[in-house]
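Asks: Chains as they are written, first to last, in my numbering: chain B, 147 to 400; chain R, 121 to 397. Please find one structure pasted underneath; my questions will follow.
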């Protein structure tokens, strides 16, 4: 069985889970002990930082030279310097994806600045990760209520930029039907749930466009990995291997 | 692999919170076998059936006819797979008291169900809950009650853990189990910490890290019970939520089966009070 590639983990401080691991070194140890061989990591601090670079730069510094991590730089296209900042991140060793938090950075995926991010990522050959949910909407802090971007907005963004690869992070099972309409959108598993979560994800997106994601350290990694622990009769041959690592490599452009 | 991690609990896990989708006729044996097989893959040997979800979703405030149909389905599941299914009677405290009394007799006293499930038809603080609680205490059976804290819209007359704590104080001898640790989260745990008769099931929302540890620390492992809420949730992910928690093997075993066995009396057939077994 191939190693497990996790396309959605976070480091740094996330105020709503104050006891979660923050340090990439500790996070790596925990993920490796549970079976991960690689993790795409973004800084949770970028969600609330006035300038995401205040979170991106120290994280990229911490993971530099460690092939376990794929660095994911947060971009806020509302800010005037987003392009130069994104380019600076992608020029650094280990940074191979961009991430958008439209709910928390308060913009519409249909806006022109987002198209700019998609064009930049397409030119650079890196995927754009779009965070749909960070928390169950019911579990949000009452002073920090946000609405998830509609999945249709991500689908439309992807259809406008067919040369760019997108990853829907934190999307629910109910979002998949709409997301599947754009063939350059992948979805990670962390919030896909229900009776046989893997089967539901694969049926909606196809076996090539579902990737493993744990949303660690805010979800139990073992719980997320267990979604791929299915009986042979419940999945077509080869599908688990694709979700464990093969599809993620395709998405990353390896 | 989940099965490798379960050790002595493999095949003995009790899932305290399950439903099933299906029409409210007699259960299709194939549906029941499939559910049992999926659960068994993750080491779950016993399934507490809280009511057919297709029936539940028809009406948050179900009339007697719907309650009877849901419970008849559960009785059918128990008859078809007595090795797996443990039925709980789904009740609506807003129904006429005479009907509810007879339904308890039909399902529990004569039918062999082991507990009562209440959802969102009335709040835990509603006085119409009291006759059901009194009968549950007489029968020495657990009452499972849906609870949640939500920051957005709420459904029906959803109870909060604080309201459950109030109910627990009024009925200190009752075996009350709150559904959805993942819905009440830390606040819910703190609400019930001072009411020692109350337990929490681990289901609800995504498997958010550190919540199981928090519940064990504040309540003690004896008050935390594994529940999946299948088919709303994935069996594997829900067992994985317990296996991922940094707790001792003894605490884990209590959560996965020991506490449920104690509450239901799985090792004490015929010991229930007030029954006619």
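Where is the CB? At the ideal position from N, CA and C, for every residue including glycine.
Quick check on residue 239 of chain R - is its C-beta less than 9 Å from some C-beta in chain B?
Replies: In the second chain, counting from the first residue as 1, residue 239 of chain R sits at position 119. It does not; no Cβ of chain B falls within 9 Å.
Asks: Using only the alpha-carbon positions, how far apart do residue 298 of chain R and residue 326 of chain B sit?
Replies: Residue numbering aside, residue 298 of chain R sits at position 178 when the second chain is read from its first letter. Residue numbering aside, residue 326 of chain B sits at position 180 when the first chain is read from its first letter. Each residue's Cα considered, the two are about 37 Å apart.
Asks: Near residue 180 of chain B, what residues of its chain come up, given a Cβ to Cβ distance below 7 Å and the 5 sequence neighbours on each side ignored?
Replies: On the first chain, residue 180 of chain B is found 34 positions in, with the first residue counted as 1. Once the five neighbours on either side are set aside, the close Cβ partners of residue 180 of chain B are 367, 368 and 371.
Asks: Starting from residue 283 of chain R, trace the alpha helix (DSSP H) in both directions and tell me its first and last residue.
Replies: In the second chain, the residue the question calls residue 283 of chain R occupies position 163. Counting along the chain, the alpha helix (DSSP H) containing residue 283 of chain R begins and ends at 281-290.
Asks: By the DSSP assignment, the beta strand (DSSP E) with residue 237 of chain R in it spans what residues?
Replies: If you number the second chain from 1, residue 237 of chain R lands on position 117. Residue 237 of chain R -> beta strand (DSSP E) spans 235-238.
Asks: Got a sec, what are the start and stop residues for the beta strand (DSSP E) residue 138 of chain R sits in?
Replies: Numbered from 1 along the second chain, position 18 holds the residue referred to as residue 138 of chain R. Under the DSSP assignment, residue 138 of chain R falls in the beta strand (DSSP E) whose first and last residues are 133-140.
Asks: Taking the beta strand (DSSP E) that residue 292 of chain B belongs to, which residues open and close that run?
Replies: As a first step, residue 292 of chain B must be located in the first chain, where it is residue number 146. Unbroken run through residue 292 of chain B: none, as it is neither H nor E.
Asks: Helix, strand or coil: how does DSSP classify residue 194 of chain R here?
Replies: The residue labelled residue 194 of chain R in the question sits at position 74 within the second chain. Note: residue 194 of chain R maps to helix in three-state DSSP.
Asks: With a threshold of 9 Å between beta carbons, is residue 338 of chain R in contact with chain B?
Replies: Start at 1 with the first residue of the second chain, and residue 338 of chain R comes out as number 218. Chain B contact via Cβ: absent.
Asks: Return no unless some Cβ of chain R is closer than 9 Å to the Cβ of residue 367 of chain B.
Replies: Against the first chain, residue 367 of chain B aligns to sequence position 221. At least one chain R Cβ lies under 9 Å of residue 367 of chain B.
Asks: When the Cα of residue 255 of chain B is compared with those of B:157, B:297 and B:270, which residue comes out closest?
Replies: In the first chain, residue 255 of chain B corresponds to position 109, counting from 1. Comparing Cα positions, the closest option is B:297.
Asks: By DSSP, does residue 199 of chain R sit in helix, in strand, or in coil?
Replies: Along the second chain, read from residue 1 onward, the residue named residue 199 of chain R stands at position 79. Residue 199 of chain R falls in the helix class under three-state DSSP.
Asks: Since residue 334 of chain B and residue 313 of chain B are thought to touch, with beta carbons under 8 Å apart, how far apart are those beta carbons, to the nearest angstrom?
Replies: Taking the first chain and counting its residues from 1, one reaches residue 334 of chain B at position 188. Taking the first chain and counting its residues from 1, one reaches residue 313 of chain B at position 167. Indeed, because the Cβ distance is near 6 Å, the residues count as touching under 8 Å.
Asks: Leaving out five residues on either side along the sequence, give the residues of the same chain with a beta carbon under 7 Å from the beta carbon of residue 365 of chain B.
Replies: Taking the first residue of the first chain as position 1, residue 365 of chain B is located at position 219. Once the five neighbours on either side are set aside, the close Cβ partners of residue 365 of chain B are 336.
Asks: Is the number of C-beta pairs between the segment 371-388 of chain B and the segment 376-386 of chain R that are closer than 8 Å three or more?
Replies: no
Asks: If we ignore side chains and look at the alpha-carbon of each, how far apart do residue 397 of chain B and residue 151 of chain B end up?
Replies: For the purposes of this step, residue 397 of chain B is identified with residue 251 of the first chain, where counting begins at 1. For the purposes of this step, residue 151 of chain B is identified with residue 5 of the first chain, where counting begins at 1. Residue 397 of chain B and residue 151 of chain B: Cα-Cα distance of roughly 12 Å.
Asks: If we ignore side chains and look at the alpha-carbon of each, how far apart do residue 250 of chain B and residue 197 of chain R end up?
Replies: As a first step, residue 250 of chain B must be located in the first chain, where it is residue number 104. As a first step, residue 197 of chain R must be located in the second chain, where it is residue number 77. Here the alpha carbon of residue 250 of chain B sits roughly 46 Å from the alpha carbon of residue 197 of chain R.
Asks: Any chance the segment 283-294 of chain R sits against the segment 252-269 of chain R, with 3 or more Cβ pairs inside 8 Å?
Replies: yes
Asks: How far does the beta strand (DSSP E) with residue 262 of chain R in it reach, from first residue to last?
Replies: As a position in the second chain, residue 262 of chain R is number 142, starting the count at 1. 262-266 is the span of the beta strand (DSSP E), which, as asked, contains residue 262 of chain R.
Asks: Applying the 10 Å Cβ sphere with the 16-neighbour rule, what's the burial state of residue 396 of chain R?
Replies: The residue labelled residue 396 of chain R in the question sits at position 276 within the second chain. With a pLDDT of 37 at residue 396 of chain R, under the threshold of 50, the predicted position of this residue should be treated as unreliable, and no value is reported.
Asks: CB-CB under 6 Å to residue 113 of chain R, same chain, minus the five flanking residues each way: which ones, in chain order?
Replies: Outside the displayed range of chain R (121 to 397) lies residue 113 of chain R, so it cannot be described from this structure.
Asks: Short of 9 Å Cβ to Cβ, which residues in the segment 351-367 of chain R face chain B?
Replies: 351, 352, 353, 354, 355, 356, 357, 358, 359, 360, 361, 362, 363, 364 and 365
Asks: By Cβ distance, which residues of its chain are closer than 6 Å to residue 365 of chain R, with the 5 residues on each side in sequence left out?
Replies: By 1-based counting over the second chain, the position of residue 365 of chain R is 245. Sequence-distant partners of residue 365 of chain R (beyond 5 residues in either direction) whose C-beta falls short of 6 Å from its own C-beta, in its chain, are 332 and 333.
Asks: From the beta carbon of residue 88 of chain R, is the nearest beta carbon of chain B less than 9 Å away?
Replies: Chain R is shown from 121 up to 397; residue 88 of chain R falls before or after that span and cannot be answered.
Asks: In whole angstroms, what separates the C-alpha of residue 338 of chain R from that of residue 215 of chain B?
Replies: Walking along the second chain from the start, residue 338 of chain R turns up at place 218. Walking along the first chain from the start, residue 215 of chain B turns up at place 69. The alpha-carbon atoms of residue 338 of chain R and residue 215 of chain B are separated by roughly 35 Å.
Asks: Under 9 Å between beta-carbons, which chain B residues line up against residue 305 of chain R? List them in chain order, please.
Replies: The residue you call residue 305 of chain R lines up with position 185 of the second chain. Chain B residues near residue 305 of chain R: 285.
Asks: Please name the residue in R:346, R:272 and R:349 whose C-alpha comes closest to that of residue 288 of chain B.
Replies: One-based indexing of the first chain puts residue 288 of chain B at position 142. Comparing Cα positions, the closest option is R:272.
Asks: Give a yes or no on whether the minimum CB-CB distance between residue 364 of chain B and chain R is below 9 Å.
Replies: Counted from its first residue, the first chain places residue 364 of chain B at position 218. Interface residue, yes.
Asks: Distance, Cα to Cα, residue 268 of chain B vs residue 299 of chain B?
Replies: Locating residue 268 of chain B in the first chain gives position 122, counting from the first residue. Locating residue 299 of chain B in the first chain gives position 153, counting from the first residue. Whole-angstrom Cα-Cα distance: 18 Å.
Asks: Note the first and the last residue of the continuous alpha helix (DSSP H) segment covering residue 364 of chain B.
Replies: Residue numbering aside, residue 364 of chain B sits at position 218 when the first chain is read from its first letter. Element bounds for residue 364 of chain B: n/a, residue is neither H nor E.
Asks: Does the ligand MN have even one heavy atom less than 8 Å from the beta-carbon of residue 251 of chain B?
Replies: As far as ligands go, the structure on display features none, and thus does not contain the ligand MN.
Asks: How far does the beta strand (DSSP E) with residue 165 of chain R in it reach, from first residue to last?
Replies: For the purposes of this step, residue 165 of chain R is identified with residue 45 of the second chain, where counting begins at 1. Run containing residue 165 of chain R: 164-172, per the beta strand (DSSP E) assignment.
Asks: Can you tell me whether residue 327 of chain R is buried or exposed? The criterion is at least 16 other CB atoms within 10 Å of its CB, across all chains shown.
Replies: In the second chain, counting from the first residue as 1, residue 327 of chain R sits at position 207. It is buried - the Cβ of residue 327 of chain R has at least 16 other Cβ atoms within 10 Å.
Asks: Applying the 10 Å Cβ sphere with the 16-neighbour rule, what's the burial state of residue 147 of chain B?
Replies: Counting from one through the first chain, the residue named residue 147 of chain B turns up at place 1. Exposed, because fewer than 16 other Cβ atoms sit within 10 Å of the Cβ of residue 147 of chain B.
Asks: Based on DSSP bridge pairs, tell me the residues matched to residue 362 of chain R.
Replies: Counting from 1 along the second chain, the entry for residue 362 of chain R is found at position 242. DSSP output for residue 362 of chain R lists no bridge partner at all.
Asks: So, is the C-beta of residue 205 of chain B closer than 9 Å to a C-beta in chain R?
Replies: Counted from its first residue, the first chain places residue 205 of chain B at position 59. Answer no: the Cβ-Cβ gap between residue 205 of chain B and chain R never drops below 9 Å.
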